[in-house]
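Chemist: Have a look at this one before I ask anything.
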Amino acid sequence: MKTRNDSAPLHFFRADQRPVEWHMSPGLTDYDVALAHMEQRANAIAAGSAEEEIWLVEHPPLYTAGTSANPRDLVSSDFPVYETGRGGQYTYHGPGQRVAYAMFDLNKRQADLRAYVAALEAWIIETLAEFSITGERREDRVGVWVKRPDKGVGYEDKIAAIGIRVRKWVSFHGISLNVEPDLKHFSGIVPCGISEQRYGVTSLVDLGLPITMDDADHALRKSFERVFGPTTIV
Numbered sequence: 029m030k031t032r033n034d035s036a037p038l039h040f041f042r043a044d045q046r047p048v049e050w051h052m053s054p055g056l057t058d059y060d061v062a063l064a065h066m067e068q069r070a071n072a073i074a075a076g077s078a079e080e081e082i083w084l085v086e087h088p089p090l091y092t093a094g095t096s097a098n099p100r101d102l103v104s105s106d107f108p109v110y111e112t113g114r115g116g117q118y119t120y121h122g123p124g125q126r127v128a129y130a131m132f133d134l135n136k137r138q139a140d141l142r143a144y145v146a147a148l149e150a151w152i153i154e155t156l157a158e159f160s161i162t163g164e165r166r167e168d169r170v171g172v173w174v175k176r177p178d179k180g181v182g183y184e185d186k187i188a189a190i191g192i193r194v195r196k197w198v199s200f201h202g203i204s205l206n207v208e209p210d211l212k213h214f215s216g217i218v219p220c221g222i223s224e225q226r227y228g229v230t231s232l233v234d235l236g237l238p239i240t241m242d243d244a245d246h247a248l249r250k251s252f253e254r255v256f257g258p259t260t261i262v
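Quick note: the sequence shown uses the numbering used here, first residue 29, plus one each step.
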């Protein structure tokens, strides 16, 4: 197990410090609607006609397949499966999981994909720290993980996933943080292709924290501004 942890949040600011538009959608957002919005917004950002945006949504239960998805990792077809151009393998989205789509102009931040992913990881880790949870990076596994000594030596659970796509150095897709999803729904896939028993999936509530989606959203925005810079609610 290789750990990548920094003692301070990684800064991924814009040079001009223009605020990112912070948008939250109530209820459940259809995945097709989300894809269409991200495509339109990313194109507009690339054209210089729209600002950067963070879009917070919840989806109905579904699975998405990244560009590296192995069909053998789709165990169940209980929910719709969407092919998507983001990186990574299979993941689950559903109620109780906060999905944050990040549409950034990386030309105005840093045209470096590794640095961008590290900044997304730092954002999640800073958010978890708001609830006194230690989230950790792994060199050999994407996402953010928490140690689970209560399950056994070497056991860890994934609490947040990352999947991005970049076109013309404009990013879309983003992160998902498990607040209180139905963890049984993850059994329909091999999440991110990781099948070892000692690596599972958890959530804030599963860890014993009575955290609401509003609590998570507040922490996400506070931590975001430390890593990426100012926001403005739209």
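Ideal placement from N, C-alpha and C gives every residue a C-beta, glycine not left out.
In its own chain, which residues sit with a C-beta less than 6 Å from the C-beta of G228, not counting the 5 before and 5 after it?
Modeler: Counting only Cβ-Cβ distances below 6 Å, and skipping sequence neighbours, we find D185.
Chemist: Using DSSP bridges, identify the partner residues of N135.
Modeler: In the DSSP output, where bridge partners are listed per residue, N135 has none listed.
Chemist: Starting from Y118, trace the beta strand (DSSP E) in both directions and tell me its first and last residue.
Modeler: Looking at the DSSP string, the run of the beta strand (DSSP E) that includes Y118 is 118 to 121.
Chemist: Pull up the distance between the alpha-carbon of D242 and that of S251, whole angstroms please.
Modeler: About 14 Å.
Chemist: If you draw a straight line from the C-alpha of R32 to the C-alpha of G55, how long is it?
Modeler: In this prediction, R32 scores a pLDDT of 44, lower than 50, which makes its location untrustworthy; no coordinate-derived value is stated.
Chemist: Judging by CA-CA distance, which residue of Y110, Y120, E80, V255 is the nearest neighbour of Y129?
Modeler: For Y129, the nearest C-alpha among the options comes from E80.
Chemist: Classify G55 as helix, strand or coil using the three-state DSSP reduction.
Modeler: Residue state, collapsed to three classes: strand.
Chemist: Quick one: any contact between the segment 204 to 220 and the segment 115 to 122, if contact means 3 or more CB pairs under 8 Å?
Modeler: Short answer: they touch.
Chemist: Mapping the DSSP letters down to three states, classify R42 as helix, strand or coil.
Modeler: Coil at R42, not helix or strand.
Chemist: Once you ignore the five residues that flank L141 on each side, which residues in its own chain have a CB closer than 7 Å to its CB?
Modeler: Excluding positions up to five away in sequence, the list reads V194.
Chemist: Under the assumption that E164 contacts V255 (Cβ atoms under 8 Å), give the Cβ distance between them as a whole number of angstroms.
Modeler: Not really, about 16 Å apart at Cβ, beyond 8 Å.
Chemist: Less than 8 Å between the beta carbons of L248 and V207, yes or no?
Modeler: Going by C-beta atoms, L248 is not nearer than 8 Å to V207.
Chemist: Pull up the distance between the alpha-carbon of T95 and that of G113, whole angstroms please.
Modeler: Distance between the alpha carbons of T95 and G113: 6 Å.
Chemist: What is the DSSP secondary structure of E184, counted as helix, strand or coil?
Modeler: Strand, per DSSP.
Chemist: Once the 5 residues before and after I192 are set aside, which same chain residues still bring their CB inside 8 Å of it?
Modeler: Counting only Cβ-Cβ distances below 8 Å, and skipping sequence neighbours, we find R114, G115, A130, L141, Y144, V145, L148, S199, F200, H201, G202.
Chemist: For a test of the three-state rule: what should DSSP assign to Q68, helix, strand or coil?
Modeler: In this structure, Q68 counts as helix in the three-state DSSP scheme.
Chemist: According to DSSP, simplified to helix, strand and coil, what is F256?
Modeler: Helix, per DSSP.
Chemist: In the DSSP assignment, what residue or residues form a beta bridge with Y144?
Modeler: DSSP, once it has assigned bridges, lists no residue as partnering Y144.
Chemist: So, L237 versus F132, is the Cβ gap smaller than 8 Å?
Modeler: Cβ atoms of L237 and F132: not closer than 8 Å.
Chemist: Using DSSP's beta-bridge definition, name the partner residues of K175.
Modeler: Answer is E184, bridged to K175.
Chemist: Thinking C-alpha only, which one of Q225, W197, L235, E111 is nearest A74?
Modeler: Comparing Cα positions, the closest option is W197.
Chemist: Secondary structure at R126, three-state DSSP: helix, strand or coil?
Modeler: Note: R126 maps to strand in three-state DSSP.
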